[in-house]
Structure formats: structure tokens, C-alpha cells
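Peer 1:
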Amino acid sequence: MDLYNTVLEGSDRTATPVYLLHTIPLDGNYLRTSLDGIDHVNDIVSLDFRDHGLSPESKWKHELKFRNFAKDVEKLRKRRGDKKIILFAHGIGGFVALNYLMWNHKRVEKLVLFETAVDSKYRIKLAWNIRERYNNQVKDMLEPFRENASATALEVKFFQSFAMHFKTPDYARAKYLMESSNQMGLIAYALLHKELEQYNMKGIGRKFKNKALLVTADESLWPREELERLRKEFPKADELVLETIGHYGMVENPSAFWEPILRWIEGEE
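In C-alpha cells form, the structure reads like this:
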């Protein structure tokens with residue numbers, strides 16, 4: 005599948021391009037727009053996964069698999085003619101990155117993982133961390149949607165969840181995240197439910213011999229245990245803790261989020 009993508013040109017067009025792998029059900033727009041006004045050396049390729057944003061929809065439901073998402077990224081690399089790429093992956097976008105590494109690790113010059121996981125164990129802890137931030141009114145409002153996976157129900161639940169993912173709950177930014185997407189992949193998320201439950205990429209990171217950076221945010225709800233598990237996958241990786249921002253730190257404070265990551269990518273650790 006040919007993914008929709010846009011390129012933010014860097015100051016050195018010969019440098020290895022950075023591919024941005026967004027979390028879901030958002031599309032890539034929140035990452036792309038957060039880079040507005042930020043200087044960077046490498047070209048940055050912002051893409052939308054299949055069934056998200058402006059990319060085409062899968063012909064068949066069974067095609068919605070993270071492995072196929074990774075194949076789409078590889079097809080984009082070939083179409084662009086990039087010999088090597090740098091991957092930046094956020095949240096569930098990291099699942100696609102690890103799938104990509106499984107088959108194409110020699111194509112990846114550097115890897116940046118911002119708060120992702122190696123298997124599905126993160127889900128219960130993350131859900132509890134989010135729920136602990138809900139007040140009783142929100143809990144009561146969400147109760148009828150608990151077992152509902154319709155697009156409408158998911159939209160309600162994601163709106164509340166997004167708001168909790170900032171340093172302090174922020175419904176204005178949650179609304180921005182949702183409205184910034186050209187098309188949220190809500191139906192795709194529902195269809196990926198079994199994939200998310202069975203997700204397991206343990207051992208894949210140990211094949212990767214190039215430079216890696218594990219990024220966390222100190223005000224994030226993302227389970228802390230996942231960093232330790234990622235360390236085992238990438239024992240030689242560098243680490244970066246971003247202060248006073250949450251899981252969507254690129255929206256809260258774009259310069260504080262991107263500048264240290266870009267310095268690492270550009271070789272200025």
C-alpha cells in the first residue's frame with residue numbers, strides 16, 4: 005500500500021531521513037505540526053499508517069496487522085529510494101517499528117523509541133494509570149461505554165484518555181489531538197484489538213546493532229516498568245528523560261520535546 009506522506013526538508017538533504025511513526029488511532033499530523041518552526045538537519049518524513057489519516061484503507065479486514073503496517077513503511081522507503089532510514093516511533097507506533105526491525109533492521113541507521121512496549125503487558129497498567137486520574141463524574145459518564153467498541157464509543161473514551169496524558173489533565177489539548185487528525189483510525193483500532201492483545205516482540209531489539217535512544221517523559225502515565233523491559237531489549241541504548249511533560253509532550257512543549265531528540269539524531273548527544 006502506498007502511504008500518504010509529507011516531507012519536512014532539513015538543512016542537509018544528504019543526511020539520512022527520519023521517518024515518524026505515529027501512535028494510533030491518531031494519524032501523523034500531530035507529530036508533523038509539532039515540528040513547525042523547529043530547525044532540523046535531516047529531512048523528516050511524516051506518514052499516515054493505512055486506515056489512518058489520508059492513507060488508503062485496507063481492502064480486507066484481515067490485512068490490518070502491524071506486520072503489514074511495517075511492510076507499508078518499507079514500500080515507502082523503496083519508493084523514495086532511501087538506502088537507510090532513521091525511525092522515530094511514539095507509543096503504538098513503536099509496535100510498527102519493532103515489526104520493521106524484525107525484517108529490515110539493516111535498513112535502520114538509528115532508532116528512537118518514545119514510550120512504547122515490547123508486548124501487551126503494558127495495557128492493564130496503563131489503563132489503571134489513566135483511570136486513577138478520572139474523577140467520579142468521568143467514571144460514571146464512561147461506564148455505559150465500557151464494553152462498547154463502536155466508533156462513537158471509542159471517540160468518547162479516547163477523548164477522555166487523551167486529556168489525562170498531559171502533565172495535568174487538559175481537554176483543550178485532547179480536542180486538538182483529535183481534530184488535528186485528518187481521519188482517526190477508530191474502526192482500525194477496534195479491528196486491531198486482537199493484535200494488541202497478542203502483541204509480543206520480545207527478542208527483536210537484540211538483533212539491532214546500531215544506535216538506539218529510549219525516551220521517556222517524567223510526567224507521563226506510560227508504565228515505568230516498560231522502560232526497564234526496553235532496556236533488556238536494547239541494552240546498549242542511550243536514554244533520555246524529558247522533564248515536566250507527559251506522553252504527548254510534543255504537543256505540550258514542542259521545543260523541549262524535539263530539540264534534545266534531534267540533537268541525538270544529528271550526532272550531538
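Here the sequence shown stands for residues 5 to 273, where the numbers follow our numbering. Each residue gets a CB set at the ideal place from its N, CA and C atoms; glycine is no exception.
1. Between the beta-carbon of V22 and the beta-carbon of N46, is there less than 8 Å?
2. Applying the criterion that 16 or more other CB atoms from any shown protein chain within 10 Å of the CB defines a buried residue, is T277 buried or exposed?
3. Can you tell me the Cα-Cα spacing of T120 and R127, whole angstroms?
4. Where T20 and E136 are concerned, what is the direct C-alpha to C-alpha distance, given to the nearest angstrom?
5. Does the region 235-242 come within contact of the region 205-224, defined as at least 3 CB pairs closer than 8 Å?
6. Measure the CB-CB distance between V49 and L25 and report whether it falls below 8 Å.
7. State the start and end residues of the unbroken alpha helix (DSSP H) segment that holds Y126.
8. Between which two residues does the beta strand (DSSP E) harbouring H94 extend?
9. If I follow the unbroken alpha helix (DSSP H) through L115, where does it start and stop?
10. On the premise that F212 lies in contact with L115, defined as a C-beta separation below 8 Å, what is that separation, rounded to the nearest angstrom?
11. Taking only runs of the alpha helix (DSSP H) that begin and end inside the region 167-243, which ones reach a length of at least 4 residues, in chain order?
12. D55: buried (16+ other C-beta within 10 angstroms of its C-beta) or exposed?
13. Output needed for F149: all residues of its chain with C-beta closer than 8 Å, excluding positions within five of it in sequence on either side, in chain order.
14. If I measure Cβ to Cβ from S124 and keep anything under 8 Å in the same chain, skipping five residues before and after, which residues do I get?
15. Taking all protein chains shown into account, decide if W132 is buried (16 or more other Cβ within 10 angstroms of its Cβ) or exposed.
16. Going by beta-carbon coordinates alone, are E247 and D222 separated by less than 8 Å?
17. Hey, could you find the ends of the beta strand (DSSP E) T37 is sitting in?
18. Which of the three DSSP states, helix, strand or coil, is assigned to L80?
19. Does the Cβ-Cβ distance between L80 and D52 come in under 8 Å?
Peer 2: In brief:
1. Along the sequence shown, one-based indexing puts residue 22 at 18. Along the sequence shown, one-based indexing puts residue 46 at 42. The answer is yes: Cβ separation under 8 Å.
2. This structure cannot speak to residue 277, because the chain is shown only from 5 to 273.
3. The residue labelled residue 120 in the question sits at position 116 within the sequence shown. The residue labelled residue 127 in the question sits at position 123 within the sequence shown. Cα to Cα, T120 sits roughly 11 Å from R127.
4. Within the sequence shown, residue 20 is the residue found at index 16, counting from 1. Within the sequence shown, residue 136 is the residue found at index 132, counting from 1. Near 42 Å, if we compare the C-alpha coordinates of E136 and T20.
5. yes
6. Numbered from 1 along the sequence shown, position 45 holds the residue referred to as residue 49. Numbered from 1 along the sequence shown, position 21 holds the residue referred to as residue 25. Contact flag unset, no.
7. Sequence index remark: in the sequence shown, residue 126 carries index 122 (1-based). From DSSP, the alpha helix (DSSP H) with Y126 extends over 126-135.
8. As a first step, residue 94 must be located in the sequence shown, where it is residue number 90. Run containing H94: 89-94, per the beta strand (DSSP E) assignment.
9. Counted from its first residue, the sequence shown places residue 115 at position 111. Counting along the chain, L115 falls outside any alpha helix (DSSP H), though it belongs to the beta strand (DSSP E) covering 112-118.
10. Translated into positions along the sequence shown, residue 115 becomes position 111. Translated into positions along the sequence shown, residue 212 becomes position 208. That pair is a contact at about 7 Å.
11. 175-184, 190-195, 197-202, 229-237
12. Walking along the sequence shown from the start, residue 55 turns up at place 51. Under this definition D55 is a buried residue.
13. Along the sequence shown, read from residue 1 onward, the residue named residue 149 stands at position 145. Within the same chain, F149 has close Cβ partners A157, V160, K161.
14. Here residue 124 refers to the residue found at position 120 when the sequence shown is read from its first residue. Once the five neighbours on either side are set aside, the close Cβ partners of S124 are L200, E201, Q202, Y203, N204.
15. Taking the sequence shown and counting its residues from 1, the one referred to as residue 132 is at position 128. Per the 10 Å Cβ criterion, exposed.
16. By 1-based counting over the sequence shown, the position of residue 247 is 243. By 1-based counting over the sequence shown, the position of residue 222 is 218. Closer than 8 Å, so yes.
17. By one-based count along the sequence shown, residue 37 stands at place 33. Here T37 belongs to no beta strand (DSSP E); instead the alpha helix (DSSP H) covers 33-38.
18. To locate residue 80, count along the sequence shown from 1; it is residue 76. If DSSP states are grouped into helix, strand and coil, L80 belongs with the helices.
19. The residue you call residue 80 lines up with position 76 of the sequence shown. The residue you call residue 52 lines up with position 48 of the sequence shown. Contact flag unset, no.
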